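Residue numbers (our numbering): 8 to 320. Data block below; observations after.
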């Protein structure tokens with residue numbers, strides 16, 4: 008496969024997955040903000056900027072860190088390369104560049120998403136319309152991945168798309184779980200209280216994990232169990248361990264079809280998968296969940312760079 012084709016497929020999947028993540032991030036910030044009982048209404052929105060990696064670029068402007076400003080920046084701001092609008096448009100450009108490697112249904116899913124996006128960007132959205140928009144983004148990304156799974160030959164094109172999807176999802180899951188670290192509770196004594204509880208529930212709700220949590224863990228939602236579900240449980244498709252399991256499988260498949268490609272990324276992915284799969288959650292929390300997740304985010308970024316170095320260029 009040509010390097011530019013592999014690159015286009017890899018980033019097509021990453022940008023589609025990123026659009027889904029930003030939509031979920033805005034939803035979790037909104038849910039957390041809804042249960043806040045003090046006057047600090049900006050903490051959740053600041054956490055969303057940090058989790059999106061956009062705090063610095065947002066701070067370069069003059070907009071206040073409030074609900075309206077953060078939603079506009081993360082969803083619709085053209086100057087923000089990771090906004091939902093830009094993610095969808097960049098994904099379409101990549102899809103167009105690799106059109107011959109996609110099925111008709113995949114191209115239609117991306118192209119139609121780009122066309123329908125205009126319906127949401129003509130005028131400011133009220134709360135109901137914003138909720139509809141965020142659900143629409145998640146549904147369109149789900150459609151894209153569904154037609155990809157059901158229609159593509161299991162060859163290099165498919166494996167590059169899936170490697171990109173799950174690499175992006177691993178980064179996003181770590182960032183979404185880390186949102187809780189950046190949200191300030193009304194008071195120190197509220198740790199373990201009602202507000203703290205509903206903030207953890209909000210994270211489960213936004214990643215579609217409430218039922219999975221009830222099946223795997225009985226009783227009240229516990230932070231350690233939420234962390235375990237999203238870090239080491241391979242049965243949940245948004246957990247870090249599941250994402251890295253998929254990454255290793257697809258990198259293995261790429262190398263099997265073209266042994267000349269560098270294997271450094273493959274080895275790095277296998278090490279990460281083993282560490283996540285057998286992670287001790289008690290030890291992770293004892294040593295610092297935030298520090299652990301920050302390390303995962305950094306190593307996931309490094310793996311992406313290694314994949315690009317070894318496979319795409």
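Positions of the beta carbon are idealized from the N, C-alpha and C atoms, including for glycine. All figures in this text were calculated on a predicted structure; none of them were measured in a lab.
The distance from the Cβ of residue 272 to that of residue 310 is about 6 Å, consistent with a contact at the 8 Å cut-off. Considering only 278, 75, 87 and 16, the residue with the shortest C-alpha distance to residue 59 is 87. If you draw a straight line from the Cα of residue 74 to the Cα of residue 274, it comes to about 42 Å. Taking a 10 Å sphere around the C-beta of residue 225, we find fewer than 16 other C-beta atoms and assign the residue as exposed. For the set 299, 167 and 287, the Cα lying nearest the Cα of residue 261 is the one of 167. The beta carbons of residue 208 and residue 31 sit no closer together than 7 Å.
Out of 285, 84, 92 and 50, the CA that lies nearest to the CA of residue 72 is found in 50. Taking 7 Å as the cut-off, the Cβ atoms of residue 204 and residue 297 do not count as close.
Here the alpha carbons of residue 181 and residue 113 stand approximately 28 Å from one another. Going by beta carbons, residue 258 and residue 276 fall inside the 7 Å limit. Counting along the chain, residue 230 sits inside the alpha helix (DSSP H) bounded by residues 230-238. Under the three-state reduction of DSSP output, residue 144 falls in the helix class. Per DSSP, the continuous alpha helix (DSSP H) segment holding residue 115 begins and ends at 111-128. DSSP, read as helix, strand or coil, puts residue 187 in helix. Secondary structure within the stretch 255-310: the alpha helix (DSSP H) runs of 4 or more consecutive residues, fully enclosed, are 271-284 and 288-294 (chain order). Taking a contact to require three or more Cβ pairs closer than 8 Å, the stretch 76-93 and the stretch 101-110 do not qualify as touching.
Residues of the same chain with a CB within less than 8 Å of the CB of residue 314, apart from the 5 flanking positions on each side, are 17, 170, 174, 258 and 272 in chain order.
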